[in-house]
Every structure is written in C-alpha cells, then in structure tokens.
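In the order they appear, the protein sequences are chains A and B.
Take the first sequence: its letters are residues 61 to 239, numbered as in the working numbering.
Take the second sequence: its letters are residues 7 to 591, numbered as in the working numbering.
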Amino acid sequence: MAAGFTDEQAAAGQTAYNSNCAQCHGRQLEGPDAPGLSGSDVMQNWDTAGGIYDFISVAMPPSAPGQLGEETYLNIVAYIMQFNGASAGDAPLTTDTMASVSLAAETAAGAASMAAAALDAGGAAATATPAATDVPQAFTWGKQLPGGLAPDQMAPAAAAAPGVPQAFTWGKTLPSVAN
Amino acid sequence: MKIELMKTLFAATTALVALSGTAFAQGITDYKPVTAEMLANPPAEDWLMFRGAYNNQGYSPLDLINKDTVGKLQLAWAWPMAEAGIQETAPLVHNGVMFVQTNNNIVEALDAKTGTLIWQYRHTLAELPAAWSYQINQARRQKNSIALYEDKVILTTADAKIVVLNAADGKLVWEKQVLDYNKGYSYTVGPLVADGKIISAISGCSIAGTAGGCYIMAHDVNTGDEVWRFNTIDDPENPAQQASWGDVPPENRWGGTPWTTGAYDAETNTTYWGVGMPGPYSELIRGSGDGSVLYTNSTLALDVATGKLKWYYQHLPRDNWDLDSPFERILVDQDIDGVKHKLLVTVPGKNGIAFALDRDTGKYLWSKETIVQNVVKSIDADGTVHINEDLISHAVGEEHLVCASVSGGKLWQAGSYSPLTQAYFVPLTEACNTVAPTQTEFTAGNAVGAVKFGPRVLPEGITDAGLMQALAVNPTQGESKWQYRSRPSMTSSVLATAGGLVFGGDAARAVKAWDQETGEVVWSQTLNAPIGGYPMTYEIDGEQYLAIPTGYSNAASSISSAFPEIPLPTGAGNSIFVFKLPKSN
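Right, dumping it as structure tokens:
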C-alpha cells in the first residue's frame, strides 16, 4: 500500500518540526502548550494529509504563519504521519496527492506502537486508566452515517496497553524485606 | 575523609536552609481576613475576586489614574510568572499583597508595592499518560482566578481538587478531590465564595471519559463537604431538557462545560453561570437530530442555597460548530425614572452577539450583533434564537465556512461594564473557519469533538482582526457606542475604571487605555509578549497601581496569520507589569 510520503520527507520533516513546532507541540508531539499531534483521534479528526496541510500551511507557526514554504510543510506532515505510525513508501507526498492520503488508514497499524513510544518518552502510565474499549463512544458510533465509515470499520480498537516483554516473575507475589 | 566530607556537606546544607528560612519564613504577619461583608462590598483599594466584585463587571472605582494623568504612568515593578506555558491569570490584591496564580496551579504572594516574593505554593499534579494529549493541554488552557476568604486562599486545580491555603504563608490547610481526573475532569476556572460556599464548575467535559456529567457545584467553605451539584447536560427534573437531546441518553452526552467563573446576586442568593458547547460538536455525529441540546450555550440561574435551577435561557440552540457560550455574565443595576432594573448583560458566546436578560426572571430583553457571524439568522422578540440551518452538515466530511471561528469571535477574554458611562466594553476577534464532521473513535484523555476545522481566516471584506466594541447598555437596547479596530487581535480581558478609562491589550504586545466616552486611545505601552490575563488595579498608601499580565493564552496565536507583518515572540514571556503615577511631590 502506498504510504503517501518518503523516508527523506519524514527525516527532513523531523528536523523542521523540532525547529519550528516542538517548542509548543512537544518533541513527542504531546503538547502540552499547544494541542498534541499524536493519537488515533487526532489522525481521524484531520482526516487526510491534506486536512492537516491546509491548516498548518496557513496558521503555523504563530510567529511566522504560513511562511515555511510548501516543501517544508509537506515534510512536517510526513513526519507527523510517521510519528503516528505510518510507514514511508516510494511516492512523495505532494499537494496533488495529499487530499487522498487517509491519516487514519495510514497510521492505524502504528497506533499501539505509538502509545508505547509515548510512554517510553516519559509519559506516565496512569493508575485506573480505562482500557481503550471502555471509553464511551458517540451515540452514532457503529451506525452508518451519510459519507461515514461502514459499521464493520468501527470495531473496538485494540487495547492501547503496550506489549512490552515482562520479567518472568511479573504478576507474582515476591517476598519483600521486612522493616 | 569520607565522613569529614559528609559533615561539611551537612553543614553547608543546614546553612542554606537557614538562609532561605530567613528569606521566606516570615510570611505576612498582619494579614486582615477577607470577610463576607468585604466580598459583598469590596473596598475600592482592593481587588478581591475574579472580576473585582460579585457582579463580574471588571470595574474599579479608583480614579487617580484618569484621562488627565494616564499619560504619566511609569513602571513600578515587573515579575516573571513562575511557569512558562499558556495562562490567563487574574491577579488579586488585598492587604497590600498581590496573589497571582499561573498554570500548573502555582500561586505566588507578592508585595504589591514592590513585587517582592512573600511565598509560593506549587501544587503537585499527577503525571498523565502522554497519549492523553488533549487533557494535558486542556488542563493548562484556562487558568484564571483564585478566591480569597477569611485568612485563606482557595484554588481549584487541574487535577480536579479544591485546595485551601493560608493566605499568610501559603501553607496547605486542606484539599479535596472533587471529581476523577482519570476520566478527564479538571478545573480550569476559579471558584466563587458566597453564602458560606465554594461555588465552582468543572471543565474537561468534552473528554471521552466524562460522558454524562458536567457540573456546577457547591462545597462548604470550611469543611469542603459537597452541598449540591447541578448537571448541565442531564437534568432529571426537566423533561424538556431530556427531550432536547433526542434519543441520545446521558451516557452519550458530552460538553456543557461552564468555563467562566459565575456571578452572584446576594439579594436573591442566586448564582449565574454560562455553559459551553455540546459534544460531539456536530449533530450528525452527536445523534441529537434537530434538538436544542440543553443546557449547552445557555445562561443558568441557580439558587445558591439548594442548587435548584431558577431559570435558563439558551443563547445558541443546536450548536454544530463548537461555538461555546460560557463567557462572563455581568450583573448590572440601572435606576430609570425611579424603577430599578436588574439586568444580566453578556456576550456569552464565540459568535459575539450581546444579550441582556432580566436576571430575576430570565426574560429576554434585547440582543445586538458585533463581529461578523453567520450562525444565527434572527432572534424573535420573545428571545427565540433561529440558527442558520444551511450551515448544518448532513454527511461526514460536508464542509461549511462558519463565522465566528472555534477560537472566537469572543473568547475567554472578559469585557467590562462601566457604571460611569453605562457601557459594556468587549474585546473581540473577527474570524471564520471551515467545519466538517469526522467519524472518530474516542480515546482516553482525548476530546469527542469529531470535526475537522480549517485555519482561522478573516471574514470576507475585513482586514482588521481586532475589535474593541463599546456598547451603550440600557433595559431596552444595546447600541454601538464606538468601535476600535486594529490589525492584531485582542488578547486580554479589559478593565474599566472610574477614571473614565478602559484598559486592554493585543497580540502586538500593546496595552492601551481608551477613553470610555470616545474610544480615543489615550495611552499605549508596548511590553514583552502578547497582553494577556485580566488587567486590574488597586491602591496602596494613596497611590493607584495598574497591573497588566503578559504572555501566551490560547487566544494569542489563533489568528496570527491575519497580521503577518506583526511577528509574535516565540518566547513565553509570562510576566506581570505594574504601573503607577509618579509621586506628585
């Protein structure tokens, strides 16, 4: 499947992102002083690579809105996609192709690994974190809406818990040193 | 050798503790408690709460700084806030002490004459998973006020706690976990203390885990015990409220966040709060059909004794565009021909329409458009609001250009009402954006909006993003008194004073004073960052001080593409600048 961007674009995009965007949006795209740019909901809301390009190429960064040039904005979109789990391919992302590059589809495979990367990058695992499948959904979720997803595309997502290998003794009661 | 080194280190550490003890431990030795009487009738020299008084007018009776003297203002002191990042701070002053809160719920007490630090409180916030990026950003977004009561400072925190500190030394007295931040709840606006209660409202109600409940709450000011809560999206006592969501049960409702501190009328023991948008933003995804989705985008009048709803008025039914209407509700009394009129005046929502209601009955009196908006077509004489149904999307991805934008229009920056000129001064932004529904699976710690927004752009034919709108207000109409337009957007709340002035500032780092009568700019000063927060004023030893917060909020950068010739700083700059007049002798 064509991923819609090249490795070279994503690499150049990482440099451009860290120079122009990371101050507010975070090195791990986590924010917090501007909205986070990682996560399946973010990808779904921007819809396509063109959706995010159309926004950032006008409004970002606030100190020089729209001033980075088409190539740099495309590279930054490629990096955001790659960070969210999309794989690079042979065909570059262009302003002609971007509207047909689905962010949700391209990044879906990477969602779980992205969550693990975010944890590795310093995010804490919260206690009492509900599993992904327990999150309340819209009343219309799972129903066919005009122009919307087919119901079989709305199966519950895999739990976001990272599949990191654990110690042989993990989950077992171990002796502790008495005080 | 090792032991000797240890001893030396120990001695050095002890000395450091002793030194800092000398610097910080004194606290405030003569702190006079803030009484209920003072809250009801604030002394002119103080600024005791969010907007100066229970009426939320943002007006000071001080007049030493006035049209004749304002040109002589000099910098008295400046202070960097304790944290970078976005903030909307509302400094308070009592007993010669300024209390400043910034993001991450850091509170500092400063000598209000000199800016010298007296004490600092740093709240310990739980670290959230990085994937909860919306919640982490949201918890930093709106951080405005704290409350003073007796010898205490009361704050509401990003991890959904009420925290009570000693005003004299900043030490924690008690704290209470009010709601579960793991679901998405956070406090983003400060509390109001009235009738022996801490009245507060929770935010984060557009985050997936909070489905079904968004609350205005009252807690006993001494014990923290919950007295009542009112759910803005699920009112079992009002069948019309339930019906307004169509088939959507409470567990699939979101939004209704009351994210501006409310007003209080002691005469009727009533508190007035504004309520934000519904979630998901689009009715196509929400599933609520043509329902008005109460009590989103409404004014609520609640009995402070019981939490019961006295009346509601919906300013924007059937919102499809994230056009929240929670902003400042201002209580205005006007005596006309011997008749006392008790008004509630507000520009409640992002679409910038001004409204006046009779605050005892909720009866609609008048409305007045300000900035360019296309979502409300008309408002009947009885107050029924008719929306522009052409802007409702009927398919996923169906896009419409909507004015105002999700960033306003009107945003958190509060206007001021001046009894001196009977005018309401409102900082506004001209902006539109495209809105298209998306179908999104919700994830923990993230929002349920489910739309794609385009960039904020100027309305067709408009070249100035900023608008300072003065409205002449009376019980029968609100009319434009003057307008001041500027290329940069307005980024601070405004302050009106008995000196005939109104103060506010913009993204171009300029704080200005306008003549309330004419709109003429009579003073302007460029500072270090976008003007932000809530400008306020106070008096000590016969001198009037003017405090101006600067730095980034979520308003400062939303439409900078409309004025590219004015580069915004990339540094945070969060600071307090305090001005005063030179001594006359």
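We put the beta carbon where it would ideally sit given N, CA and C, even for glycine.
Work out the CA separation of residue j and residue i for me, nearest whole Å.
i	j	result
I34 of chain B	N228 of chain B	22 Å
Y193 of chain B	A453 of chain B	16 Å
P49 of chain B	M55 of chain B	12 Å
I537 of chain B	D512 of chain B	5 Å
P206 of chain A	M214 of chain A	15 Å
S100 of chain A	E447 of chain B	8 Å
G208 of chain A	T444 of chain B	8 Å
I18 of chain A	F333 of chain B	Absent from the model: residue 18 of chain A. The displayed extent of chain A is 61 to 239, so no value can be given.
A90 of chain B	T576 of chain B	12 Å
D114 of chain A	M120 of chain A	10 Å
D6 of chain B	Y221 of chain B	Summary: the structure shown does not reach residue 6 of chain B, with chain B confined to residues 7 through 591, and so no result is reported for it.
G231 of chain A	P135 of chain B	22 Å
D364 of chain B	T274 of chain B	13 Å
Q340 of chain B	S424 of chain B	12 Å
N150 of chain B	N78 of chain A	30 Å
A31 of chain B	L397 of chain B	Residue confidence for A31 of chain B is low, a pLDDT of 47 falling below 50, so the modelled location carries little weight; the figure read from the coordinates is stated next. So the two alpha carbons sit approximately 60 Å from each other.
Q475 of chain B	W520 of chain B	11 Å
P264 of chain B	A307 of chain B	12 Å
A191 of chain A	T200 of chain A	With a pLDDT of 44 at A191 of chain A, under the threshold of 50, the modelled position of this residue cannot be trusted, and the question is left open.
N592 of chain B	N237 of chain B	Because chain B here runs from 7 to 591, residue 592 of chain B falls outside it and cannot be looked at.
A568 of chain B	A561 of chain B	13 Å
G557 of chain B	A59 of chain B	25 Å
T449 of chain B	K416 of chain B	29 Å
Q74 of chain A	Q88 of chain A	11 Å
V457 of chain B	S288 of chain B	7 Å
G86 of chain A	G460 of chain B	22 Å
Q320 of chain B	V408 of chain B	20 Å
Give the DSSP-derived three-state secondary structure of residue i in the structure shown.
i	result
M214 of chain A	helix
H129 of chain B	coil
Y140 of chain B	helix
A138 of chain A	helix
I398 of chain B	coil
F236 of chain B	strand
M223 of chain B	strand
H100 of chain B	strand
E166 of chain A	helix
M44 of chain B	helix
M87 of chain B	coil
R491 of chain B	strand
V463 of chain B	strand
M103 of chain A	helix
Y430 of chain B	strand
N228 of chain B	coil
H321 of chain B	coil
G415 of chain B	coil
E156 of chain B	strand
Measure from the C-beta of residue i to each C-beta in chain A and report whether the shortest distance is under 7 Å.
i	result
N143 of chain B	yes
P588 of chain B	no
S139 of chain B	yes
R146 of chain B	yes
I572 of chain B	no
P494 of chain B	no
So, residue i versus residue j, is the Cβ gap smaller than 7 Å?
i	j	result
A410 of chain B	G358 of chain B	yes
A164 of chain A	Q69 of chain A	no
S123 of chain A	L574 of chain B	yes
Q93 of chain B	I152 of chain B	no
H100 of chain B	D157 of chain B	no
G414 of chain B	Q141 of chain B	no
S250 of chain B	G176 of chain B	no
N303 of chain B	D325 of chain B	yes
G262 of chain B	I291 of chain B	no
T543 of chain B	L68 of chain B	yes
Would residue i pass as an interface residue toward chain B - the criterion being a Cβ-Cβ separation below 7 Å?
i	result
P211 of chain A	no
A198 of chain A	yes
D67 of chain A	no
A82 of chain A	no
Find the residues of chain E that neighbour residue i, judging by a C-beta separation of less than 8 Å, and give them in chain order.
i	result
N105 of chain A	Given the protein chain composition of this structure (A and B), no chain E is represented.
Query raised in the report: Going along the chain, which unbroken runs of the alpha helix (DSSP H) with 4 or more residues stay wholly within the segment 324 to 395 of chain B?
Result: Every candidate alpha helix (DSSP H) stretch fails here, since none sits fully inside the segment 324 to 395 of chain B while reaching 4 residues.
**Report entry** Residue ranges of each alpha helix (DSSP H) within the segment 263 to 316 of chain B, 4 or longer
**Finding:** DSSP runs (the alpha helix (DSSP H)) wholly in the segment 263 to 316 of chain B: 289 to 292.
Requested in this report: Counting only runs of 4+ residues fully inside the segment 108 to 157 of chain A, write out the alpha helix (DSSP H) ranges in chain order.
Outcome: Runs of the alpha helix (DSSP H) inside the segment 108 to 157 of chain A: 109 to 119, 130 to 143.
Requested in this report: List in chain order: all unbroken beta strand (DSSP E) runs of 3+ residues lying wholly within the segment 486 to 548 of chain B.
Outcome: Listed in chain order, the complete beta strand (DSSP E) runs (minimum 3 residues) inside the segment 486 to 548 of chain B are 501 to 503, 507 to 511, 516 to 521, 527 to 532, 542 to 546.
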